[in-house]
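Below is one structure, written out as structure tokens; comments come after it.
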Amino acid sequence: MLQFNTMAIAIAAQAAWRKSIRPTLFQDVVLLPLLGILGVLLLWWFVAAFVSELLPTPLEALLANLDYITHPFYRRGPGDLGIGWLLLASLRRVFLGFLLGSLVAIPVGFLIGMSRKALLAINPLIQIFRPVSPVAWLPIALAIFNLANPSAIFVIFITSLWPTIINTALGVSSVSQDYLDVARVLEMSRWRQITKIILPASLPYIFTGLRISLGIAWLVIVAVEMLTGGIGIGFFVWDEWSRLNLNSVFLAILVIGSTGLVLDYLLGRLQVLVTHRSPSST
Amino acid sequence: MPISLQEAITVKSNLHYATGDRPSRSGSEEFLAIENLTKTYKAGDGSKSTILDGINLTIRENQFVAVIGHSGCGKSTLLKIVAGLEKASSGSVRLQGKEIRKPGADRMMVFQQYSLLPWLTVRENIRLAVDEVLVHLSPAEKKQLVNEHLAMVNLTAAANKYPDELSGGMKQRVGIARAIAIRPILLLMDEPFGALDALTRGKLQRQVLDIWESQRQAVMMVTHDVDEALYMADQIVLMTNGPAARIGEILEVPFAHPRNIQEIRELPQYYELRNHALSFLDRHFSQDD
Chain E
1 MLQFNTMAIA IAAQAAWRKS IRPTLFQDVV LLPLLGILGV LLLWWFVAAF VSELLPTPLE
61 ALLANLDYIT HPFYRRGPGD LGIGWLLLAS LRRVFLGFLL GSLVAIPVGF LIGMSRKALL
121 AINPLIQIFR PVSPVAWLPI ALAIFNLANP SAIFVIFITS LWPTIINTAL GVSSVSQDYL
181 DVARVLEMSR WRQITKIILP ASLPYIFTGL RISLGIAWLV IVAVEMLTGG IGIGFFVWDE
241 WSRLNLNSVF LAILVIGSTG LVLDYLLGRL QVLVTHRSPS ST
Chain Z
1 MPISLQEAIT VKSNLHYATG DRPSRSGSEE FLAIENLTKT YKAGDGSKST ILDGINLTIR
61 ENQFVAVIGH SGCGKSTLLK IVAGLEKASS GSVRLQGKEI RKPGADRMMV FQQYSLLPWL
121 TVRENIRLAV DEVLVHLSPA EKKQLVNEHL AMVNLTAAAN KYPDELSGGM KQRVGIARAI
181 AIRPILLLMD EPFGALDALT RGKLQRQVLD IWESQRQAVM MVTHDVDEAL YMADQIVLMT
241 NGPAARIGEI LEVPFAHPRN IQEIRELPQY YELRNHALSF LDRHFSQDD
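In order, the protein sequence lines correspond to chains E and Z.
full-length UniProt numbering puts the first sequence at residues 1 to 282.
full-length UniProt numbering puts the second sequence at residues 1 to 289.
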């Protein structure tokens, strides 16, 4: 959904650029989004000025964060790193966990989609584990690994499993009979049917699963880092709260949100590149 | 009834098929032989419904046969059984004396809904079929073969487009090129022009007929269009209505190839055959309800 919105805005912006900014497009692309942002800033300012003693006003927050914004990659001693480094540390955990999770989830999804026996064996596990907040796995991970970093990656691994498994299985089991008929008439072996027909046909579903997984993984990493500590954008949020420095918390929220948006956009671009079909057409 | 029609309608001579006698075995006469074929489906409550009942049909080498009937009469099911995509409940289908049990590239199909793979370009769609079937060819020979067939259906300019970017007529040309490129001995076409607009349909019929007239082979085409059948086929198989559809009549189309649609439309035989086929279909339509 976010992806769709950004695409729409990007397309509209391009069109506006070409057609020398027609009034309606100007309103759609600039005026109305600005109005929304302004409304939130106003609400923030109101709460900061009249309700909470701790909250900074938007202007105070901006001034206090200028150092962070202008120097995202500073190193001023152990543990005192720019917000860019913190972000990279969190991204690294998410990518590792997401990659490992996808490497397991896609084959398992294939198995479930193609074999009724595998479905019957694995489906109950998925149904039980899927509603569990991935953070609940953290104590188990800590017990196994005894280290914060591998445990965080393990939790992201678990997070990335379920949506990808479910969507891959759905994609594999709903490959059009027309394509399978083509494969049968061409006398393809089972293995070639999988690699040449079923895999490419279910790629849009697999990507849907991957995008949901990555989105949730990015949500979960913040919570996991708050618990495990160490270097990362999630612990940064908690640490700054402990110091009652809410200026940085506002900055962190903006950075986390924008990063999530960019991640989803990039995966969407990858999907177009790999499947040769736009995400909306499937 | 004029003599020409008597000659054209060979129901009498084909009647022994319909009565269930085994057709005589005689070489090329029996390129494809369908004998006493029935197809029944079991419903969930255990009751059986018969789709095809006692079908007997032979197709000669190089013969273009059109199977025509109302929708739901099982003509597509018949084609799918010949393709091996569905199994007959009883009876036999033999191609060059060999029983058909599973799908095979020797009976390549042109699908009504094109069935192109949307993640492959036009060229890659044809290449995939060539790669799967003609494994003995070198990559250069395969490339040459794909190019030839792209040119044959006038799609060289669109070779690197994806199916989503093509019109219905272009998609079906890819489907036809894909089918012909792997050199099947029997070409099956399931309402190949059914989803196209009238103008595109006419053009594509001409193209397919041109290709067939230059390299003849056995073709079995399912259609619901009498004009299409008369224009393209040597023999028209009229199916009665389902359930339990049978072959009602077999018409020989006496026009010599290469055919010209304007010329054959001026022949009196054309209208006699057309009226005969249409009244057959009308009769079987009113019987049903």
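For every residue, glycine included, the Cβ atom is placed at its ideal position computed from N, Cα and C.
Check, Outcome
"Find out if the Cβ-Cβ distance for the pair L185 of chain E, A105 of chain Z is shorter than 9 Å.", "One point to set straight first is that residue 185 of chain E is Val, not Leu, in the sequence displayed. Their beta carbons are under 9 Å apart, which means V185 of chain E touches A105 of chain Z by this criterion."
"Mind pulling the chain Z residues with CB within less than 8 Å of H71 of chain E?", "None at all; the shortest Cβ gap to chain Z is about 46 Å."
"Is E53 of chain E helix, strand or coil when you go by DSSP?", "coil"
"Between which two residues does the alpha helix (DSSP H) carrying L199 of chain E extend?", "199 to 228"
"Identify the residues that DSSP records as bridge partners of Y41 of chain Z: which are they?", "Z:S49"
"For A43 of chain Z, count neighbouring Cβ atoms within 10 angstroms of its own Cβ and tell me buried if that reaches 16, exposed if not.", "exposed"
"Between R192 of chain E and chain Z, is the shortest Cβ-Cβ distance under 9 Å, so that the two count as touching?", "yes"
"On the DSSP letters alone, give me the boundaries of the alpha helix (DSSP H) that T259 of chain E sits inside.", "246 to 275"
"Among Z:Q217, Z:E266, Z:K39, Z:A151, whose alpha-carbon lies nearest the alpha-carbon of N56 of chain Z?", "Z:K39"
"Using a C-beta cutoff of 9 Å, does V220 of chain E count as contacting chain Z?", "no"
"Am I right that V253 of chain Z and D234 of chain Z are in contact with their C-beta atoms under 8 Å? What's the rounded C-beta distance?", "6 Å"
"Taking 6 Å as the limit between beta carbons, can you name the residues of its chain near L100 of chain E, skipping five residues before and five after?", "F157"
"Could you give the C-beta distance for R173 of chain Z and L204 of chain Z, rounded to a whole number, given that I count them as a contact under 8 Å?", "7 Å"
"Let me know if H276 of chain Z comes out buried or exposed under the rule of 16 or more other beta-carbons within 10 Å of its beta-carbon.", "buried"
"At the level of alpha carbons, what is the spacing between V104 of chain E and K102 of chain Z?", "35 Å"
"Let me check understanding here. Comparing Cα to Cα, which of E:L267, E:I231, E:L125 lies closest to W85 of chain E?", "E:I231"
"Starting from the Cα of S173 of chain E, find the closest Cα among E:L203, E:S133, E:N149, E:V182 and give me that residue.", "E:L203"
"In chain order, what residues of the same chain have a beta carbon less than 6 Å from the beta carbon of G194 of chain Z, not counting five sequence neighbours either side?", "Q112"
"Closer than 8 Å to a non-hydrogen atom of the ligand NAD - does that hold for the CB of A43 of chain Z?", "Ligands in the displayed structure: none, and consequently the ligand NAD is not present."
"Can you check whether the CB of N65 of chain E is closer than 9 Å to the CB of F250 of chain E?", "yes"
"Could you give the distance in angstroms between the alpha-carbon of A61 of chain E and the alpha-carbon of L41 of chain E?", "11 Å"
"Under 6 Å Cβ to Cβ from residue 304 of chain Z, same chain only, skipping five residues before and after it: list those, please.", "Past the boundaries of the shown model lies residue 304 of chain Z; chain Z is included only from 1 to 289, so the question cannot be answered."
"Does any residue of chain Z have a CB that is nearer than 9 Å to the CB of V182 of chain E?", "yes"
"Are the beta-carbon atoms of I221 of chain E and R93 of chain E separated by less than 9 Å?", "yes"
"Looking at D225 of chain Z: is its Cβ nearer than 9 Å to the Cβ of S76 of chain Z?", "no"
"Could you give the distance in angstroms between the alpha-carbon of Y152 of chain Z and the alpha-carbon of R116 of chain E?", "A quick correction: the sequence has Met, not Tyr, at residue 152 of chain Z. In a straight line, the C-alpha of M152 of chain Z is about 44 Å away from that of R116 of chain E."
"Can you pull the chain E residues whose beta carbon is under 9 Å from the beta carbon of M109 of chain Z, in chain order?", "D181, V182, V185"
"Under a CB-based cut-off of 9 Å, is P192 of chain Z close to chain E?", "no"
"Strictly under 9 Å for the Cβ-Cβ distance: is Y162 of chain Z near chain E by that measure?", "yes"
"Just list the residues that DSSP pairs R75 of chain E with in beta bridges.", "E:L81"
"Thinking L238 of chain Z and G69 of chain Z are a contact (beta carbons under 8 Å), I'd like their distance in whole angstroms, please.", "7 Å"
"I need the boundaries of the beta strand (DSSP E) containing L267 of chain Z, first residue and last residue.", "Careful: L267 of chain Z lies outside any beta strand (DSSP E) and carries neither H nor E."
"Taking the CB atoms as reference points, tell me whether I180 of chain Z and L95 of chain Z lie closer together than 9 Å.", "no"
"Along the chain, where does the alpha helix (DSSP H) containing G248 of chain Z start, and where does it finish?", "Careful: G248 of chain Z lies outside any alpha helix (DSSP H), inside the beta strand (DSSP E) at 247 to 252."
"Which residues of chain E have a Cβ atom closer than 8 Å to the Cβ of G104 of chain Z, listed in chain order?", "V185, E187"
"May I ask you to list, following chain order, the residues of the stretch 59 to 93 of chain Z that have a beta carbon less than 9 Å from some beta carbon of chain E?", "K80, A83, G84, L85"
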